[in-house]
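Just add 9 to the spot in the sequence shown (first one is 1) and you have this note's numbering.
Just so it is clear, CB atoms sit at the ideal spot from N, CA and C, and this is done for glycine as well.
Note that the coordinates shown come from a computational prediction; the quantities given were computed from them, not determined experimentally.
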Amino acid sequence: MDVRRRLTTTGEHLKTQKLSNHHHHRDSFLPLYLTNAVFFGLFFSVSYFLLHRWRDKIRTSTPLHVVTASESAAILSLLASILYLLRFFGIASTRAATLNHKLHSDEIEINEEESTLPLPKKIVLEDEDIVNSVVSGSIPSYSLESRLVDCRKAAAIRREAVQRMTGRSLEGLPVEGFDYESILGQCCEMPIGFVQIPVGVAGPLLLDGKEYTVPMATTEGCLVASTNRGCKAIQASGGASAVLLRDGMTRAPVVRFANAIRASQLKFYLEDPLNFDTIAITFNKSSRFARLQSIQPAIAGKNLYIRFRCSTGDAMGMNMVSKGVQNVLDFLHSDFPDMDVIGISGNFCSDKKAAAVNWVEGRGKSVVCEAIIKEEVVKKVLKTTVEALVELNMLKNLTGSAIAGSLGGFNAHASNIVSAIYIATGQDPAQNVESSHCITMMEAVNNGKDLHISVTMPSIEVGTVGGGTQLASQSACLNLLGVKGANNESPGANSRLLATIVAGSVLAGELSLMSAIAAGQLVNSHMKYNRSNKDTSKIVS
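Put into C-alpha cells, the structure is as follows:
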C-alpha cells in the first residue's frame, strides 16, 4: 500500500484534532491555563487544610467522621478538583496514547496482507526505523513499552538496538517465551530477554511432621544432590523440627539536629513507653498488616538513627515498613520541627549488608531448626561418623570462622541453599547477605551414638506476595511448597512457613556437605557432578 498516503491521512486527522481542541479551549469560560491553575490551587489548598484538621482531631481524640461546615465545603471542593484533574489528565492521556498508537501503526504498516499476519519472532523490515531511532537516541530506550504498547516487541527492539550499539551478539539470551507484561513497572526495567536458570528439587524434607519438596534454582553442580542427601538422612531419622523465634522487618532512618542535646531529647521521647502507643497508631495507618513492634534509637553525635521493627503479613515488607516510618517522621515534625530527615534508610536497618545488628537483634524471620540423626544413618547414608562430624564442625564452622573474623558465617554453605531457594521462589537475591547468617551446631547425644545438629538463622527475609513472587515460574515454585500468595485465614502464616522451610533446607545442606568433607568425598563429588565437557564458547562468540 502507499505509506505516504496513510501518513498524509493521519496528519490531516491530527490537524483536525488540534483545530477541534483549539475551538474547545477558545469557547471555555476561562483560558485553559487559568482553569488549570484554579483547580490545582484548590486541590492543594483544601488538601493542606483537611490534613491539618484531621491531625488536630487525632491529637484531641475527636472522631474523624464529625465534620464542620467548613470541612464539608473543603471536602466537596477537594472532590470537585479531583474530578476535574482526573478528567483533564485521564482523557487527554488516553487520547494521546490512542492517537500515538494509531500513528505508529500507520507508519510501520507495509501492506494490507502483512497486517493480518502474526508478528514475526525476529526484527523485520517494518521495525528498522524504530531500531535506528533507538540507536541514534531520538527514541529513548526506556520509552519503548509506552510507545509500542507491546512489551514483548519493545524487548525485542531494545535487544536488537543493544546488539548494534555494542557490536556484541546476544545469541543465546532468549527473548521469546516470557510474559514481559508481568514485570512492567515492578520487577525489571528495559528488558532485553531473560536468563534461564535450571530448577531442581530436593526432598522430601520432613519438617514438623510434614513433607516438602524444595525447589532450588542453581547452576552449581552437586548442590541439589547434596541437599537431597541431607533430606534423606533427616527423614530416615524421624524428621526435623523448627521454631520461629521472631518475625519483624526493620527500617532505620537517620535524622539530624543542630546539636546532640536535641538529638538525645528525641531519643528519650522514642524510648519512653508512654509515647509508644501514639507512635504505633500513626505507624500502623500505613497498612492493614503493618503493626509496629519496637523502636530502637541509636545516637552518633547530633545524628539519631531510629530502627523501627514491625510485622508485615505475608509480604517481605520493606515497602510496607518504609511507608510506616514516613508517617512517623511526618508526625514527629510537629514536636521536633528542627529535625532534619537525612534519609529514610540510615543503614542501621540493615538491608543487604552483613551487620552485627542483624546477627544479634535479627531481621525478618528468626528461626532455629534441629534434628537428631541416628548413628546408622550417619554411617550408611552420610558415609562418616558422629565423632568426625562433631570435630569438623568445631574446627571449621566455629573455630575457623572465628579466626576469619566472620560475621554470621559460622556455617559450611548456608548461602548456597538460601540463594537457590530465593531465586526459585521470587525472593530478593541480594538479601541473601543477611538471610544466610547462620550458626551450625553439632554434638554427640544418646551416649555419643547419635548426632544432634541445629542451625540458628536470625535474619531470614522472605515473602509470599509482592515482587518476584507473582511471576509465573516463581509462583509455581511457591505453590509446590504450599505457600503461594497470602494466607487469608492467618496473615503472615505462609511467609513464616517458608522461612522454616528455608532453615530446614539449610540444615539438610549443612549435614550433607559436612559429611562429604569429613569423609573426604568433596573433591571427587565436584569433579563428577560439577564439570562439563561441552564447549559453550561458540554460543556467545
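Rounded C-alpha distance that separates Ser145 from Met199: As a working note, residue 145 is residue 136 in the sequence shown. As a working note, residue 199 is residue 190 in the sequence shown. Going from the Cα of Ser145 to the Cα of Met199 covers about 17 Å.
C-alpha gap between Ser142 and Gly194, whole angstroms: Numbered from 1 along the sequence shown, position 133 holds the residue referred to as residue 142. Numbered from 1 along the sequence shown, position 185 holds the residue referred to as residue 194. Straight-line Cα distance between these residues: approximately 23 Å.
Cut-off 8 Å between Cβ atoms - residues of its own chain near Ile148, not counting five sequence neighbours on either side: On the sequence shown, position 139 is the one that residue 148 refers to. So the list reads Ile139, Ser142, Arg156, once near-sequence residues are dropped.
Every unbroken alpha helix (DSSP H) within the segment 229-286, with a cutoff of 4 residues, ordered by chain: 232-245, 269-280
Neighbour-count burial assignment, Val454, 16 or more Cβ in a 10 Å radius: Mapped onto the sequence shown, residue 454 falls at position 445. Label assigned to Val454: exposed.
Inter-residue CB distance, Ser468 and Gly371 (contact presumed, cutoff 8 Å): By one-based count along the sequence shown, residue 468 stands at place 459. By one-based count along the sequence shown, residue 371 stands at place 362. Correct: roughly 6 Å between the Cβ atoms.
First and last residue of the uninterrupted alpha helix (DSSP H) at Phe340: Position 331 of the sequence shown holds residue 340. Counting along the chain, the alpha helix (DSSP H) containing Phe340 begins and ends at 327-344.
Close beta carbons around Val330, own chain, < 6 Å, minus the five adjacent residues each side: To locate residue 330, count along the sequence shown from 1; it is residue 321. Result list for Val330: Met258, Arg260, Cys319, in chain order.
Cβ-based burial, Glu121 [other Cβ within 10 Å; buried from 16]: For the purposes of this step, residue 121 is taken as the residue at position 112 of the sequence shown. Unreliable placement is indicated for Glu121, whose pLDDT of 40 sits below 50; no coordinate value is reported for it.
Check whether Asn420 and Val464 have beta carbons under 8 Å apart: The residue you call residue 420 lines up with position 411 of the sequence shown. The residue you call residue 464 lines up with position 455 of the sequence shown. Result yes, Cβ atoms of Asn420 and Val464 sit closer than 8 Å.
As assigned by DSSP and simplified to three states, the class of Glu384: As a working mapping, residue 384 is identified with position 375 in the sequence shown. Reduced to three states, the DSSP call for Glu384 is helix.
Ranges of the alpha helix (DSSP H) found wholly within the segment 416-473, counting only runs of at least 4: 423-434, 441-444
Test: Cys196 CB closer than 8 Å to a CB of chain D: No chain D is part of this structure, which consists of one protein chain only.
Terminal residues of the beta strand (DSSP E) in which Cys319 lies: Start at 1 with the first residue of the sequence shown, and residue 319 comes out as number 310. 312-320 is the extent of the beta strand (DSSP E) around Cys319.
Close beta carbons around Thr227, own chain, < 6 Å, minus the five adjacent residues each side: Start at 1 with the first residue of the sequence shown, and residue 227 comes out as number 218. The residues are Ala429.
Bridge-paired residues (DSSP) for Cys378: Stepping through the sequence shown from its first residue, residue 378 is reached at position 369. Ala251, Val464, per the DSSP bridge assignment.
Beta-carbon proximity of Thr509 to Thr478, cut-off 8 Å: As a position in the sequence shown, residue 509 is number 500, starting the count at 1. As a position in the sequence shown, residue 478 is number 469, starting the count at 1. Contact: no.
Ala517 versus Gly239: straight-line alpha-carbon distance, rounded: In the sequence shown, residue 517 corresponds to position 508, counting from 1. In the sequence shown, residue 239 corresponds to position 230, counting from 1. Approximately 4 Å between the Cα atoms of the pair.
First through last residue of the alpha helix (DSSP H) which encompasses Ser303: The residue given as residue 303 occupies position 294 in the sequence shown. Per DSSP, Ser303 belongs to no alpha helix (DSSP H); it is in the beta strand (DSSP E), 300-309.
Simplified DSSP state of Ala324, which is helix, strand or coil: If you number the sequence shown from 1, residue 324 lands on position 315. If DSSP states are grouped into helix, strand and coil, Ala324 belongs with the strands.
Helix, strand or coil at Ala502 [DSSP, three-state]: Residue numbering aside, residue 502 sits at position 493 when the sequence shown is read from its first letter. In the structure shown, Ala502 sits in a helix (DSSP, three-state: H, G or I).
Ser90 beta carbon less than 8 Å from that of Leu51: Locating residue 51 in the sequence shown gives position 42, counting from the first residue. Locating residue 90 in the sequence shown gives position 81, counting from the first residue. Yes, the Cβ-Cβ distance between Leu51 and Ser90 is below 8 Å.
Residue closest to Ala364, alpha-carbon to alpha-carbon, out of Lys458, Gly417, Pro224, Pro306: Taking the sequence shown and counting its residues from 1, the one referred to as residue 364 is at position 355. Of the candidates Lys458, Gly417, Pro224, Pro306, the one whose C-alpha sits nearest the C-alpha of Ala364 is Gly417.
Status (buried if at least 16 other CB within 10 Å, exposed otherwise) for Met523: Counted from its first residue, the sequence shown places residue 523 at position 514. Buried, by the Cβ-count rule.
Residue range of the unbroken alpha helix (DSSP H) whose run includes Ile139: The residue you call residue 139 lines up with position 130 of the sequence shown. Taken as a continuous stretch (DSSP letters only), the alpha helix (DSSP H) holding Ile139 covers 137-145.
Ile382 vs Ser246 beta-carbon contact at 8 Å: Position 373 of the sequence shown, counted from the start, is the residue given in the question as residue 382. Position 237 of the sequence shown, counted from the start, is the residue given in the question as residue 246. Contact: yes.
Host alpha helix (DSSP H) of Leu401 (start-end): Within the sequence shown, residue 401 is the residue found at index 392, counting from 1. Note, Leu401: alpha helix (DSSP H), 395-401.
Element boundaries [beta strand (DSSP E), containing Met225]: If you number the sequence shown from 1, residue 225 lands on position 216. 219-226 is the span of the beta strand (DSSP E), which, as asked, contains Met225.
Straight-line gap, Asn312 to Phe58 (C-alpha atoms, nearest Å): Here residue 312 refers to the residue found at position 303 of the sequence shown. Here residue 58 refers to the residue found at position 49 of the sequence shown. One C-alpha to the other measures close to 32 Å.
Nearest neighbour of Gly322, chosen from Asp136, Ser81, Thr69, Ser499 [CA to CA]: Along the sequence shown, read from residue 1 onward, the residue named residue 322 stands at position 313. Measuring from the Cα of Gly322, the nearest candidate turns out to be Ser499.
Nearest-angstrom beta carbon gap, Lys374 and Leu253 [assumed within contact, 8 Å]: Within the sequence shown, the letter at position 244 stands for residue 253. Within the sequence shown, the letter at position 365 stands for residue 374. 6 Å between Cβ atoms; contact.
Gly409 versus Glu154: straight-line alpha-carbon distance, rounded: Taking the first residue of the sequence shown as 1, we reach residue 409 at position 400. Taking the first residue of the sequence shown as 1, we reach residue 154 at position 145. Computed Cα separation, rounded: 52 Å.
C-beta contact flag for Arg167 and Ser191 at 8 Å: Your numbering for residue 167 matches position 158 in the sequence shown. Your numbering for residue 191 matches position 182 in the sequence shown. The answer is no: Cβ separation not under 8 Å.
Val171 - containing alpha helix (DSSP H), residue span: Working through the sequence shown from its first residue, we reach residue 171 at position 162. Its alpha helix (DSSP H) spans residues 160-175.
Opening and closing residue of the beta strand (DSSP E) in which Ala211 lies: On the sequence shown, residue 211 is found 202 positions in, with the first residue counted as 1. Element bounds for Ala211: 208-216.
Span separating the alpha-carbon of Asn45 from that of Ser86: Your numbering for residue 45 matches position 36 in the sequence shown. Your numbering for residue 86 matches position 77 in the sequence shown. Their Cα atoms are separated by approximately 14 Å.
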